[in-house]
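Heads up, the thing below is written out as structure tokens.
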Amino acid sequence: MKFLKGLQRLLRESQASPQAIANYRQISDAILDRIGEKTTPKTFLGEGNFAEVYWLNSQRKKALKITTDPLDAYALQRVHNKPQRHLVKVYDVFEIVPRKLWGSVVEKLTSLSQSDKQDWDQFWNDLNSYLDSAINELNSFGLSPEFASELVDLIESEQEEGIISVEVPGDPILEALQNWGKELQALNIKIFDLHSGNVMMRRDNYILVDLGYGEVSATRIDKLLPNQDSSAEDEDEEWMTKGKGYYKRRSY
Ligand SMILES: Nc1ncnc2c1ncn2[C@@H]1O[C@H](COP(=O)(O)OP(=O)(O)O)[C@@H](O)[C@H]1O
Ligand SMILES: [Mg+2]
């Protein structure tokens, strides 16, 4: 997807005003200004239900993510303030259209190898088809360190008992789950969505790139979104939620 076309599409999808949609070139200029680039990104890196990601032309270790997903923007903002080893590095988060569209500058990561991708997809499918109770728990509580440990035990015992017939991938994925559990808990972010499209590589490490499909406690939303009405001052008091079907998803 070419950058300007992608931006237009996201503006439409975010239900920005007709005026904003018409002014996409100015909006693009404002984005470039903010991220310190002279030209629109040439290389499209990927897309999901909410975001498009482009490689920056002059800052080769960085990528621009544009998303219609407020939860991903809030969560990335939180990672920006408090970086974590196994989550994507975040250099900047900003509003493009107030309350509709957000931009972030993140580290440019590499894709999973074909075999890693198969492992992840298999893991995720196994989890969904065999471990109903685990998935229910994941959907209710997110990926906590305790849950990650329980999950690892559960997977190992189900394997031993032959309940999981297909081979679940080994240690690196289970280790990644445990690292993410700890780091997400430290940031007060709940994540449910662990499919392979949300996982990338930094050298040999699995890195989580999509922090959107879950919940973020609502502290500091005001800072990121000055126009937002939010009375949530208290950490843990109010959660922005997406994982339970409040948001319509486009596709996978
Ligand atoms: N830091 C990154 N570096 C390179 N590509 C990325 C990065 N983050 C995301 N992508 C690509 O963009 C896609 C969509 O990003 P994601 O964060 O999953 O957005 P969505 O909320 O739309 O699912 C990913 O599947 C991946 O292909
Ligand atoms: Mg995604």
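With the working numbering as the guide, the letters of the sequence shown map in order to residues 26 to 277. Beta carbons: idealized from backbone N, C-alpha and C, even for Gly.
Checking the 7 Å criterion, the Cβ of M26 is out of range of every heavy atom belonging to ligand 1. Per the Cβ contact rule, the region 63 to 77 is not in contact with the region 197 to 209 (fewer than 3 Cβ pairs under 8 Å).
Residues F69, E72, E77 of the same chain have their beta carbon placed closer than 7 Å to that of M26, with the five preceding and five following residues left out of the count. Cβ-Cβ separation between A201 and Y231: approximately 4 Å, consistent with a contact (criterion under 8 Å). Looking at K87, D151, L101, N164, the one whose alpha-carbon comes closest to that of L179 is D151. By the beta-carbon neighbour count (other beta carbons within 10 angstroms, threshold 16), K107 is exposed.
Here the residues close to ligand 2, judged by CB distance below 6 Å to any of its heavy atoms, are G73, G222, N223, D235 in chain order. Following the DSSP letters along the chain, one finds F69 inside the beta strand (DSSP E) bounded by residues 68 to 72. Under the Cβ criterion (8 Å, minimum of three pairs), the region 138 to 152 does not count as touching the region 92 to 112.
As the crow flies, the alpha-carbon of E62 is around 14 Å from that of I52.
Between the region 120 to 131 and the region 86 to 94, the count of Cβ pairs shorter than 8 Å is three or higher; the stretches touch. Taking a C-beta distance under 8 Å as the contact criterion, V118 and S39 do not qualify as a contact pair. Look at L134: its beta carbon is less than 7 Å from one of the heavy atoms in ligand 1.
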